[in-house]
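Only one structure is covered here, and it is reproduced in the block below.
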Amino acid sequence: MARTEQTRISKTLPTASLLVIERGVAQDDRVLPALGFAPGFGSNIETNLFSTPQPAFEGLVVSQTSGLILGGSSAVNYETWTRGASVDFDQWAEIAGDRRWSWKGMLPYFKANETFIPSATQKSFREENQDVHGTDGPIVVSHPSSSGKPRDYPLRQDMARFHEALGADLISECNAGSVIGYTEVAQSNYDGQRQFAARGYPFGHNVTLWTESEVHHIEIEGQRASRATGIRHSGDERDRKAFEFRVSANVEIILSAGALFSPKLLMLSGIGPKEELEKFGIPVKVDLPVRKNLSDHPCVSTKWTVNKKDASLGVGPMVTESCDWTAGPPMDWIAFHRAKSSTLEAASQHLTTDEKKYYLSEGKAHWECFTMYGPFDTSERPIKVDPPAGESIVSVFNILVSPLSRGSVKLKSSDPTDQPVVNPALLTSPTDKEILYDAVRSTTTAMKNLEGLDAVEYTIDKALRDDLSDAAVAARVKQGGSTVFHYSGTCAMGTVVDAECRVRGVEGLRVVDASVFPMPLGAHYQAATYALAGQMADMIVGNY
Numbered sequence: 001m002a003r004t005e006q007t008r009i010s011k012t013l014p015t016a017s018l019l020v021i022e023r024g025v026a027q028d029d030r031v032l033p034a035l036g037f038a039p040g041f042g043s044n045i046e047t048n049l050f051s052t053p054q055p056a057f058e059g060l061v062v063s064q065t066s067g068l069i070l071g072g073s074s075a076v077n078y079e080t081w082t083r084g085a086s087v088d089f090d091q092w093a094e095i096a097g098d099r100r101w102s103w104k105g106m107l108p109y110f111k112a113n114e115t116f117i118p119s120a121t122q123k124s125f126r127e128e129n130q131d132v133h134g135t136d137g138p139i140v141v142s143h144p145s146s147s148g149k150p151r152d153y154p155l156r157q158d159m160a161r162f163h164e165a166l167g168a169d170l171i172s173e174c175n176a177g178s179v180i181g182y183t184e185v186a187q188s189n190y191d192g193q194r195q196f197a198a199r200g201y202p203f204g205h206n207v208t209l210w211t212e213s214e215v216h217h218i219e220i221e222g223q224r225a226s227r228a229t230g231i232r233h234s235g236d237e238r239d240r241k242a243f244e245f246r247v248s249a250n251v252e253i254i255l256s257a258g259a260l261f262s263p264k265l266l267m268l269s270g271i272g273p274k275e276e277l278e279k280f281g282i283p284v285k286v287d288l289p290v291r292k293n294l295s296d297h298p299c300v301s302t303k304w305t306v307n308k309k310d311a312s313l314g315v316g317p318m319v320t321e322s323c324d325w326t327a328g329p330p331m332d333w334i335a336f337h338r339a340k341s342s343t344l345e346a347a348s349q350h351l352t353t354d355e356k357k358y359y360l361s362e363g364k365a366h367w368e369c370f371t372m373y374g375p376f377d378t379s380e381r382p383i384k385v386d387p388p389a390g391e392s393i394v395s396v397f398n399i400l401v402s403p404l405s406r407g408s409v410k411l412k413s414s415d416p417t418d419q420p421v422v423n424p425a426l427l428t429s430p431t432d433k434e435i436l437y438d439a440v441r442s443t444t445t446a447m448k449n450l451e452g453l454d455a456v457e458y459t460i461d462k463a464l465r466d467d468l469s470d471a472a473v474a475a476r477v478k479q480g481g482s483t484v485f486h487y488s489g490t491c492a493m494g495t496v497v498d499a500e501c502r503v504r505g506v507e508g509l510r511v512v513d514a515s516v517f518p519m520p521l522g523a524h525y526q527a528a529t530y531a532l533a534g535q536m537a538d539m540i541v542g543n544y
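Every letter in the sequence shown is one number past the one before it in UniProt numbering, and letter 6, counting from 1, is 6.
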């Protein structure tokens, strides 16, 4: 989240000179509407990266895309705003050996980013947790009931009953440290407009911005990062020009390329596993476990027809007196769950002591569920069965948010223009597979039995609709399996960077993005990444 960090540094150190190098374009009007995530897949404002074939997903590749625009993935995401459980950050602080990364230490930075607009329908929002939210931050965070435009979705109460059928209790919110239960979803949008980093954090006068420019190599002299080299592009598609650049850093270089591209750049610069670098003839500067520990949140979506008229996106008027379908992602609720106690007991038999502490802690969420009103999917695979014409559709998302599986990011070659080779190793942990399969079984049963909707799972073969065996769930995984683009851990704090995000063994070089998360967070990552950037800005300023 380079923009957040550089904006704060430029304001606090007005005499400093900062250069921001952005690989993507400066802006694209398609991302401004709150439904602006729609053009992302396959477009020029995304990286359009794919994984290696995933055995747990029937050998299919999954999208590993991210934003390629100023503001990064905050410009193309689904706008869900969840911080995560307090236990996640307390464990982060323990791994880092620094209480600044605890829930208490991160809370001021969560608050600083927000102008928080409470739910208009849950009175407890106005009575509880006021002290954990910001009121004058650059990112407006609202709810479907308080987002500036009417969003009275016809299926709101039906989906509340769906979550209750899953055994979830209604809680006031999931951004105050406790997450287990269901609540009205918080989103980074207001008045039909996306709220994202490039909009909320304008650069100061002492910042120079280069867009459509890509760093290929960071030069290490002695043990210090001194220069960055790469390519700048200019002109339109008909008259495209490329220029090499080489810039020096008198103070330090901050790398914020994301959990898939930050490790790639470090390895191209000679920082990474010795055997990986030597394979491509890259001189080894520092032998570090860069690229390992990759985690992502695997997801399986199922899609249903329901018997209510004009109750999903695209089947009725886009704007009515009670509902503006353009005002934000069409959903009402979000829920976080713990895994079954029997599953956790079985898992504990083969977990290390540290893994048990991470995985079995009270308050830890293991899976997430939400529904969207329309045929939504986070994969780029075409849906085999098109939505029935004129029918209202509900998409059910089942997401594993505390995976034990770990993958990797590798180099394809020493050519900086090659994409990295990404293997998220989804569901390679038997516990991960069991929890996600159980989630699919639970939500499928709840939707099918929800009174008054006559819900039909239309994307699965009729013969499998009442079948919840492993084979039938695997068919659903093949149809609706993907991830939700929450990559982290490849430059992990504690192994690759220290508690102030400084690359071990190198002076003047930091990594500040989700690659430094030491373990997966049970949340969507934008709120935590903003807070990470704010925390790091203060640490950096404090050093100079």
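In this text, a Cβ means the ideal position worked out from N, Cα and C, and glycines have one as well.
From a predicted model like this one, the values you see are computed outputs, not experimental measurements.
Boundaries of the alpha helix (DSSP H) in which residue i is found, first to last residue
i           : result
residue 225 : It is not in any alpha helix (DSSP H) - residue 225 instead sits in the beta strand (DSSP E) that spans 224 to 234.
residue 435 : 430 to 448
residue 110 : 103 to 113
residue 341 : 341 to 348
residue 500 : It is not in any alpha helix (DSSP H) - residue 500 carries neither H nor E in the DSSP assignment.
Residue i: CB within 7 Å of a non-hydrogen atom of the ligand FMN
i           : result
residue 465 : Ligands are entirely absent from the displayed structure, and the ligand FMN is therefore not among its contents.
Same chain, Cβ closer than 6 Å to residue i, five either side skipped, listed in chain order
i           : result
residue 86  : 103, 177
residue 204 : 10, 11
residue 515 : 259, 262, 490, 491
residue 454 : 307
residue 311 : 154, 155, 392
residue 137 : 112, 113, 114, 115
residue 524 : 80, 82
Contact set for residue i: own chain, Cβ-Cβ below 8 Å, skip 5 residues either direction
i          : result
residue 33 : 192, 193, 194, 326
residue 25 : 44, 45, 68, 69, 70, 211, 212
First through last residue of the beta strand (DSSP E) which encompasses residue i
i           : result
residue 205 : Where residue 205 is concerned, there is no enclosing beta strand (DSSP E), given that its DSSP letter is neither H nor E.
residue 410 : 408 to 410
residue 298 : 298 to 306
residue 159 : No beta strand (DSSP E) contains residue 159, which is instead part of the alpha helix (DSSP H) from 156 to 165.
residue 219 : 213 to 221
residue 184 : 181 to 184
Same chain, Cβ closer than 7 Å to residue i, five either side skipped, listed in chain order
i           : result
residue 223 : 505, 506, 507
residue 415 : none
residue 358 : 91, 519
residue 419 : 49, 412
residue 149 : 191, 192, 324, 327
residue 39  : Bear in mind that the predicted position of residue 39 carries a pLDDT of just 45, short of 50, making it unreliable; the figure below should be weighed with that in mind. Only 30 meet the Cβ criterion.
Backbone secondary structure at residue i - three-state DSSP
i           : result
residue 530 : helix
residue 54  : strand
residue 249 : coil
residue 194 : strand
residue 283 : coil
residue 547 : Lying before the first or after the last residue shown, residue 547 is absent from the chain, which here runs from 1 to 544.
residue 319 : strand
residue 470 : helix
residue 92  : helix
residue 512 : coil
residue 368 : strand
residue 417 : coil
residue 241 : strand
Assigned exposure category for residue i - 16 Cβ within 10 Å defines buried
i           : result
residue 140 : buried
residue 242 : exposed
residue 303 : buried
residue 190 : buried
residue 530 : buried
residue 385 : exposed
residue 336 : buried
residue 14  : exposed
residue 322 : exposed
residue 513 : buried
residue 353 : exposed
residue 319 : exposed
residue 297 : buried
residue 417 : exposed
residue 330 : buried
CB contact check: residue i to chain D, cutoff 8 Å
i           : result
residue 390 : Within the model displayed, chain D is absent; a lone protein chain is all it includes.
Three or more C-beta pairs below 8 Å linking the stretch 155 to 168 and the stretch 94 to 108: Flag = no, the stretch 155 to 168 and the stretch 94 to 108 do not touch.
At least three beta-carbon pairs within less than 8 Å, the stretch 247 to 265 to the stretch 391 to 398: no
So, does the stretch 273 to 289 touch the stretch 471 to 482, judging by three or more C-beta pairs under 8 Å? no
Contact between the stretch 54 to 68 and the stretch 163 to 178 is defined here as three or more beta-carbon pairs at a separation below 8 Å; is this criterion met? no
Does the structure place the stretch 355 to 369 close enough to the stretch 396 to 408 that three or more beta carbon pairs sit under 8 Å? yes
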